[in-house]
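Numbering (the working numbering), first residue to last: 213 to 512.
Structure below.
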């Protein structure tokens, strides 16, 4: 994940010698970005593991990379912890079920672990939402998260998060989490990334086409029903501005890029319908497919 990748040079500065345990990119059906490997220091060992085939597990209704890779991560983690003297296991991933390995490794090898919360793990947000507003397989995923999260959180040695409310929720939910060290650290910018992005500008150019007289307003990141209230407020305000002074505001065009986590071509638009409903479709473009990280920088 981005946090680890950007932190690697700084770990060395502070005396840490990190090794990375991750899943081989061949086993994910999400967009991959091989150029990110250019920013990983050459002296950092990276251990890749396999995962069960999604073609096989999907017959059982299981497609999660975390579930498919769990036995392989466990096996390789066991091997590394037996062979070397590690001081800490650091989980930084949104494939949260793999975090349960922390309590097993702590029990068997005495190595503490910390978890970096880049999103909520068990989210209660959709509990009171209609079925058509919930993600696919919501009830299965929710109850799995409700079972697995405490296994990891009741033994964790420390917590990081990109947002303080994530930590507050965990501290309220688990007495143990209220006692451990916690720190909110938003994602920052990594200077080396801008050089890599510029180096590959031809390969990963901006997805926007400049048009004289147009002012592009760009958002790159996920959409979803839980963001529709905020986006509706933006669009309603823009609609009002157009009605008040069309000459001034008609130059604006809003771009929402990479709004779905679904595989390329399979995302469902959640922003464009809001624009359609307000009659501002000509001023809004939604691209559900994710784009590579360095193309994101070149677009912005």
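Built from N, CA and C at the ideal position, the CB exists for glycine as well.
What you are looking at is a predicted structure, and each value in this text was computed from that prediction instead of being measured.
Identify, in the order they occur along the chain, each residue of the same chain with its Cβ nearer than 6 Å to the Cβ of residue 496, setting aside the five sequence neighbours on each side.
The residue labelled residue 496 in the question sits at position 284 within the chain shown. Exclusion of the five residues before and after residue 496 leaves 466 and 487 as the residues of its chain whose Cβ lies within less than 6 Å of its Cβ.
Look at residue 333 and residue 357 and say whether their C-beta atoms are less than 8 Å apart.
Taking the first residue of the chain shown as 1, we reach residue 333 at position 121. Taking the first residue of the chain shown as 1, we reach residue 357 at position 145. Closer than 8 Å, so yes.
Who does residue 394 pair with in a DSSP beta bridge?
Taking the first residue of the chain shown as position 1, residue 394 is located at position 182. Looking at the DSSP assignment, residue 394 forms a beta bridge with 371.
How many Å lie between residue 325 and residue 464 at the Cα?
For this step, residue 325 is matched to residue 113 along the chain shown. For this step, residue 464 is matched to residue 252 along the chain shown. Whole-angstrom Cα-Cα distance: 47 Å.
Is the stretch 253-262 in contact with the stretch 218-238, if contact means three or more CB pairs nearer than 8 Å?
The stretch 253-262 vs the stretch 218-238: in contact.
For residue 453 and residue 285, the rounded distance between their alpha carbons
For the purposes of this step, residue 285 is identified with residue 73 of the chain shown, where counting begins at 1. For the purposes of this step, residue 453 is identified with residue 241 of the chain shown, where counting begins at 1. Per the coordinates, the alpha-carbon of residue 285 lies some 53 Å from the alpha-carbon of residue 453.
At least three beta-carbon pairs within less than 8 Å, the stretch 400-407 to the stretch 352-372:
The stretch 400-407, when compared against the stretch 352-372, does not touch it at the 8 Å Cβ threshold.
Determine the closest residue to residue 439 out of 337, 281, 249 and 219, with distance taken between C-alpha atoms.
Looking up residue 439 in the chain shown gives position 227. Nearest of 337, 281, 249 and 219 to residue 439, Cα basis: 337.
Per DSSP, what kind of secondary structure is residue 328 in: helix, strand or coil?
Sequence index remark: in the chain shown, residue 328 carries index 116 (1-based). It is a strand residue.
Quick check for students: name the residue ranges of the beta strand (DSSP E) that lie wholly in the stretch 274-304, counting only runs of 3 or more.
Segments of the beta strand (DSSP E) lying fully in the stretch 274-304: 301-304.
Could you check how far apart the C-beta atoms of residue 512 and residue 432 are, in whole angstroms? I think they sit under 8 Å.
Walking along the chain shown from the start, residue 512 turns up at place 300. Walking along the chain shown from the start, residue 432 turns up at place 220. Under the criterion of beta carbons closer than 8 Å, residue 512 and residue 432 qualify as touching, at roughly 7 Å.
Just mark residue 500 as buried or exposed, buried being the case when its beta carbon has 16 or more other beta carbons within 10 Å.
Here residue 500 is taken as the residue at index 288 of the chain shown, counted from 1. Flag for residue 500 reads buried.
Going by C-alpha distance, which of 422, 471 and 416 is nearest residue 504?
Your numbering for residue 504 matches position 292 in the chain shown. A check of alpha carbon separations from residue 504 across 422, 471 and 416 identifies 416 as the nearest.
Compute the beta-carbon to beta-carbon distance between residue 419 and residue 507, rounded to the nearest angstrom, for a pair I have assumed lies under 8 Å.
Position 207 of the chain shown holds residue 419. Position 295 of the chain shown holds residue 507. At roughly 7 Å, the Cβ-Cβ gap stays under 8 Å, so residue 419 and residue 507 are in contact.
Proximity to residue 312 [Cα-Cα], best of 253, 426, 244 and 281
The sequence position of residue 312 within the chain shown is 100, counting from 1. The residue with the shortest Cα to Cα distance from residue 312 is 281.
If you run the structure through DSSP and keep just helix, strand and coil, what is residue 233?
Position 21 of the chain shown holds residue 233. DSSP, read as helix, strand or coil, puts residue 233 in strand.
For residue 589, does the three-state DSSP call read helix, strand or coil?
There is no way to answer for residue 589, as the model of the chain reaches only from 213 to 512.
C-alpha distance - residue 482 paired with residue 343, whole-angstrom precision
For this step, residue 482 is matched to residue 270 along the chain shown. For this step, residue 343 is matched to residue 131 along the chain shown. Taking the straight line joining both Cα atoms gives about 16 Å.
Where residue 498 falls, given that 16 or more other Cβ within 10 Å makes a residue buried
Stepping through the chain shown from its first residue, residue 498 is reached at position 286. That one is buried.
Cβ shell of residue 397 (< 6 Å), same chain only, five flanking positions each side left out
Taking the chain shown and counting its residues from 1, the one referred to as residue 397 is at position 185. So the qualifying residues of the chain are 372.
Quick one: is residue 272 buried, meaning 16 or more other Cβ sit within 10 Å of its Cβ, or exposed?
For the purposes of this step, residue 272 is taken as the residue at position 60 of the chain shown. So residue 272 counts as exposed.
Tell me whether residue 472 counts as near the ligand GDP, meaning its Cβ is closer than 7 Å to at least one heavy atom of that ligand.
Annotation note on the ligand GDP: not contained in the displayed structure, which lists no ligands.
Exposed or buried, which one is residue 441 when buried takes at least 16 other CB atoms within 10 Å?
On the chain shown, residue 441 is found 229 positions in, with the first residue counted as 1. So residue 441 ends up on the exposed side.
Closer than 6 Å by C-beta to residue 278: which residues in its own chain qualify, once you throw out the five before and the five after it? Chain order, please.
Stepping through the chain shown from its first residue, residue 278 is reached at position 66. Cβ within range, chain order: 307, 309 and 310.
For residue 259, the first and last residue of its enclosing beta strand (DSSP E)
Within the chain shown, the letter at position 47 stands for residue 259. First-last of the beta strand (DSSP E) with residue 259: 258-261.
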